[in-house]
Amino acid sequence: MPNDTDVPLSACALGRGSRISLATVYSFMCVVGSVLNLLVIYLVVTFKKLRTASNAFIVNGCVADLLVCAFWMPHEAVVTSTGTFLVIGYQAFKEALLFLGITVSLLSHSLIAVNRYVLITKTPAVYQSLYQKRNTEWMIAGSWLISLGSLLPWITSFRYPPERCRDTEDASFPKGTSVSVLSSRFAAGTLAFTIIGQTWVVVYCYFKIFRRVQTSVKRVSILNFQIVNNLPYSFPRKDKRLGFYVLAVCFIFILTTEPIFWVLVAGLFAPVSVVLWTSTWIVFCTIFVSNPFLYTWKNEEFRKSFRSVMRGDFLRGSTVGVEPITINTISHIFPRQNSHRAFLVVSHVLDLPSNVLFKVGDRRNLTCSMSSCPEKVKFVWRSLEDKPLFAAIKSQDKESVLIFDNVMKDLENSIVCKATCQKETKQATTKIKVYSFPSNPVISGYDRLKLGEENILGCEVSSVYPSEFLKVQWLYEDKVLQTHEEEPERGVHYKFTPSSEDDGKSITCRASLNVDGIPPDEKIKETSVNMTVLSAPHNVKVSGATAVPLGSSLNLTCEAEGKPKPAFTWTALKPDGQSVEMGKHQDLFVHNVSLSDAGTYQCDIRNEFGNQRASVSVVVEAPPMDTLIEASPQSILKEGDSVSIFCKSSGVPVTRVVLSRRVDGEKKELMSSEGAETSVPLFSVKLADSGVFVCEAINEYGRQETTLNLTVEAHLLEVVLTPGEVLLERGSSLVLSCQASGCPQPKFSWKNLSNTPKLRLIETDGFQSQLSVNLVELEDEGTYLCEVTCGSIKKSKQTEVKVFSFPSPVVTNSGPSLVGEIMKLTCTVQEVFPANLFQILWMDGEREMLSGTGSFSSGTTNLTSVYSYHVDTGDQDKRITCKVLLEMHGVPAAQAVKTASTTLSIHYPPRVTRITVSPLTELKEGESMKISCLSDGFPVGRTVLKRVVDGIQTELTASDGLETSFAIPSVELDDSGIYICETSNKYGSHNDSVEITVKAPPRNMTVEIFPSTDVQEGQNITICCRSVSFPPPAVVLSKLDSEKNVYSLDGVFLLINLTPNDTGLYQINVTNYLGYETEIFNINVMEKRVNPPLDWNDFLMPATYLGVATAMLGVVVYVLSARKKGSYDLTKSNPSTV
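Numbering of the sequence shown is given in the UniProt record's numbering, commencing with residue 1 and proceeding in unit increments.
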């Protein structure tokens, strides 16, 4: 896979001859391409005829081609031929413009192909809609924006081609000179993608065009793409071949682009040969030179414009590019003569109307004639705009007729008729205008106008052309309401709020097309309609008599306005809230009215826009009916109750009601009122209130009365007191409840029959009374009585209240006791009642301790029991319980027994002290050892571990408690000794001891010889051997060349009166059962001799040695002094200077 620095073409791959040839090709294409592209741009900009959408895309391509031909090619020719080194910034700028020009040029090919594809294969309406001026401008701008967008990633990653070769033929070329056109794989990949994308578009569009041309009878020019449908004559064979020109453009595009595409794709994965790359690149560059010729060589307008420029006619005011109507009076311009004068020759007249107006849908003819020509005239019709003629041509000797079978809007055009008589050619221009105004306006929304709301009336004028000359007016009763002169898009609308008076009135929409030449009878069209105003029901009213006698007829009429006509529904509302439909008519008629027909009647009026409702109350005239008298809550009462007696009449309206009581056959009035009802309340009734009550209703048509029998009965009083018998503990709460029944308002009273009345809180609520005591005392004991009074009746109930006092016992002791002493425990219960019913027991767990008896003292209400206990060490933490029993009937079992406990605390001095050694008491040096101490005593004291060596004690560790431990990870001989563990508290101390022995083999052995190892014959030597070990070792001294061994217990050996035979090597061996250690030394015994007198030779050698040493010392001092101060030698200097 090649990297980004691999370039397709570089200077190091080309020789001098190849570079000069390549530079020549670039120079030639630069000149030719620049001239051709500039010429096309100049012609399109200068001549109006060439300013079409297709030519705009051609000019866009020419501008892009100029970036390649006029800018990149000259620079590349210079770089290729001279090897001039470009700075990196300018190199990037040059390649960016090349990349931009190539991309825009390729996109322009696609734009041209799509433009021609739409023009040939689609309808003219589609073409005109798509290629409006604004759309064309956006397409061109889009090609540049897309190209710039694809260029940005390449700019950010641009790198100059590598400097990796030199020209072997010309050393003047700098290192790294490159003629690369693509400096990165990104640029190569993007170019390949662009080529294949545009190739697909071009091939698709041109093959579609080719098929359309081959399958239909059309005359097609590849250059201006004029199409003539339904030709009335056969056209020459060369015109039939015009479709193949489409394939020619496609073939040339593929021929120049596809080779470089495959080379670019291959170069992304493997190096490409220089020859292959150079040849395909040159072929690809030819497309930028040939583009102007490719798209203009068959275009007659381009040819004429070019010839006009070449002749200078354009500069002399020629008719090229001028509206044809201005040429009618000019016949011909002869070539210049030697006198440099031009002659105007009067010629034949060509008749063609300058302006024509056709109606869409008509069949119209356009005649061009030259009647003054003596022979047959040759006529040629041509469109000045970028569209077909859409007409058939029928030519005769002196006239030619354009036949428009069906005039369409797309027919508008500027057409030139060119007539040739003999050698004279004349042309005239006509402008065809088209209008369409086929039908009258259509008004919508007039038949469903809503009253009082803003409605929208629509007026649509269809198929109008040109719509910009259309004027629409709204008229109401010959008055203009609104005028709309802008081009309507979806019709013209008028906002209208109708009133009821507008219903049925006429409104008119008038449309006028103000185009010159339209017949007056077709210029204005209008439509009038009658408006329909719809509304919800309104102005509702009900008529008819609302008060009718009983048995007569009821007639009601409901009236309302609304459109569409509303529907009526009558409904009767019953007193129970239900509604009954009476009919769906405007009139309501009821025969033989009864009392049930009285009430409210509703008339519902409804249509699709809303509904209304009207109500009326109907009264039926009749004497009082349904008169009612009743007692609330009831007519049978108890003495003392309250009651209300109601009198009312609801059948028909009444003027007065009277409530009275019948006494001895006569009525005694109690209450009367104007209206339909009255009432009398009776409070706390008695037996005498029993009797007959009368209710009488009166109106103008008669009267009616009803009676009520009221009965008053006596009460049945019952009393209940709870609880029946009460047993309470002192300090608790007491609640006695007394409840009465059978009496509406009982009265309660409480008494204490046993003591002086001292009642606490009493609460009475209706039929119940409660006596409450929050904290019961002993004096609250006794008999309580509840008495209830109801009128003259009295009843009572009583209950018995008993109180006891039983606080929790308290046990105290004399404090900690030593083992063997007597401990006293005291159990006290304060303020008990009754005292003669209590019993105290001392318990050890579940065992009753009978050895101690208690005595009752300290008052009549305080109980005390003392228990003496002989303690021992086993009693430590023992719990002794004082159990108090109350033997009183009715006391709950949970309250009849109470206990108190205490825990014994026994003190004693330390004992059973023990010391343990792990693993053994005899150890080898280096082993680990742990000593533990454990004792027993209370209270807990202090435990100390000590070591005793030679009578001296050393404390190893101590702790507050009954145990401690001490660990030695590696024992030594010094750790041997007696270890003592002692525990003490305030009552005494106790200890235990153990002896620990540490054993080790001999080590650190030292041998000392006195006075020396070299002695004179006859002297004595003392040898002392010491070592560290346990048990004590055996020390053996032996002479290595002798088998004699000497043993010592303390390691001291004395050798007496040594002789020279004792000279030699000696060995001391120190041994115990754990190991041994040896040491060898030498003893030298010198023989005794007589010393001779000193000779002068004895002094000669020392003196000689001393002299030599002195001389050497002088030389060293001299050398050191010379190095420090500096010196020189005259004998080694230049002799001429001495």
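Cβ coordinates follow ideal geometry from the N, Cα and C atoms, glycine included.
Problem - Residue from L734, P519, Y784 and V776 with nearest C-alpha to L753 - result: Y784
Exercise for the section: Check each candidate in V492, Q953, P723 and P746 and name the one with the smallest Cα separation from S772. Expected result: P723
Practice task
Consult DSSP for H870 and reduce its assignment to one of helix, strand or coil.
Solution key: strand
Problem - In chain order, each beta strand (DSSP E) run of at least 3 residues that lies wholly inside the UniProt domain "Ig-like" (1002-1084) - result: 1014-1016, 1021-1030, 1034-1039, 1045-1048, 1052-1055 and 1064-1072
Practice task
Could you tell me which residues DSSP puts in a beta bridge with L389?
Solution key: Note: L389 sits in no beta bridge, so no partner.
Exercise for the section: Enumerate in chain order the residues of its own chain whose CB-to-CB distance from G476 is below 6 Å, with the five nearest sequence positions on each side excluded. Expected result: It is worth fixing the name first, because residue 476 is Tyr in this sequence and not Gly. I507, listed in sequence order.
Exercise for the section: Could you tell me which residues DSSP pairs with E718 in its beta bridges? Expected result: S741
Problem - For V401 and T367, believed in contact at Cβ under 8 Å, the rounded distance - result: 5 Å
Problem - Residue from V515, S500, L457 and E501 whose Cα sits closest to the Cα of Q482 - result: Across the set V515, S500, L457 and E501, the C-alpha of L457 shows the shortest separation from the C-alpha of Q482.
Problem - Cβ neighbour criterion (16 or more within 10 Å) applied to L43 - result: Burial call: buried.
Handout entry: Own chain partners of G1075 with C-beta closer than 6 Å, once the 5 adjacent residues on each side are dropped
Key = P1001
Problem - DSSP three-state assignment for M310, whether helix, strand or coil - result: Here M310 sits in helix by DSSP.
Practice task
Check the C-beta distance from V59 over to A113 and give it rounded, since I have them as a contact under 8 Å.
Solution key: About 16 Å; that fails the 8 Å criterion.
Practice task
Let me know the secondary structure DSSP gives Q422 once reduced to three states.
Solution key: DSSP, read as helix, strand or coil, puts Q422 in coil.
Problem - Boundaries of the alpha helix (DSSP H) in which H75 is found, first to last residue - result: Boundaries of the alpha helix (DSSP H) harbouring H75: M73 to T82, taken from the DSSP string.
Practice task
Name the residue from V492, I41 and P466 whose alpha carbon lies nearest to the alpha carbon of V472.
Solution key: V492
Practice task
Confirm, please, whether the CB-CB distance from E925 to L973 is below 8 Å.
Solution key: yes
Exercise for the section: Taking all protein chains shown into account, decide if Y1073 is buried (16 or more other Cβ within 10 angstroms of its Cβ) or exposed. Expected result: Counting Cβ neighbours within 10 Å, Y1073 comes out exposed, since fewer than 16 surround it.
Problem - Same chain only: Cβ atoms within 8 Å of L1040, ignoring 5 sequence neighbours per side - result: G1064, L1065, Y1066, Q1067 and I1080
Practice task
Provide the residue span of the beta strand (DSSP E) that contains P549, from first to last.
Solution key: Where P549 is concerned, the enclosing beta strand (DSSP E) stretches over A547 to P549.
Exercise for the section: Keeping to the same chain, check which residues put their C-beta closer than 6 Å to that of S18; ignore five residues upstream and five downstream. Expected result: none
Handout entry: Three-pair Cβ contact test at 8 Å for the stretch 22-32 versus the stretch 272-288
Key = Here the stretch 22-32 lies against the stretch 272-288, with 3 or more beta-carbon pairs under 8 Å apart.
Handout entry: Test item: CB-CB of I968 and E995 under 8 Å
Key = no
Exercise for the section: Select from G583, R307 and V680 the residue whose C-alpha is nearest the C-alpha of F47. Expected result: R307
Problem - Validate contact between the stretch 671-678 and the stretch 706-724 using beta carbons, cut 8 Å, 3 pairs - result: no
Practice task
Return the residue from the list R364, A141, D386 and W297 that minimises the CA-CA distance to L50.
Solution key: D386
Handout entry: Those residues which DSSP pairs with I996 across a bridge
Key = G977
Practice task
In angstroms with no decimal places, state the Cα-to-Cα distance between F293 and R303.
Solution key: If I take the Cα positions, the gap works out to 11 Å.
Practice task
State the Cα-Cα distance for the pair S110 and F186, rounded to the nearest angstrom.
Solution key: Going by the C-alpha atoms only, they are around 23 Å apart.
Problem - Beta-bridge partners of S400, as assigned by DSSP - result: C368 and S395
Handout entry: Within 8 Å, strictly: CB atoms of L682 and Q798
Key = no
Practice task
Return the Cβ separation of C250 and Y295 in integer angstroms, given the expectation that the two are a contact with Cβ distance under 8 Å.
Solution key: Not a contact, Cβ separation roughly 13 Å.
Handout entry: Local Cβ density within 10 Å of A560, reported as buried at 16 or more and exposed below that
Key = buried
Handout entry: When V1036, A614 and T954 are compared against Y601, the one with the closest alpha-carbon
Key = Nearest to Y601 by alpha-carbon distance, out of V1036, A614 and T954, is A614.
Practice task
Answer yes or no: do V530 and K563 have a C-beta to C-beta separation smaller than 8 Å?
Solution key: The residue asked about is misnamed: residue 530 is Asn in this sequence, not Val. Not in contact: N530 and K563 (Cβ atoms no closer than 8 Å).
Exercise for the section: Grab the span of the beta strand (DSSP E) containing G937 for me, first residue to last. Expected result: M929 to F938
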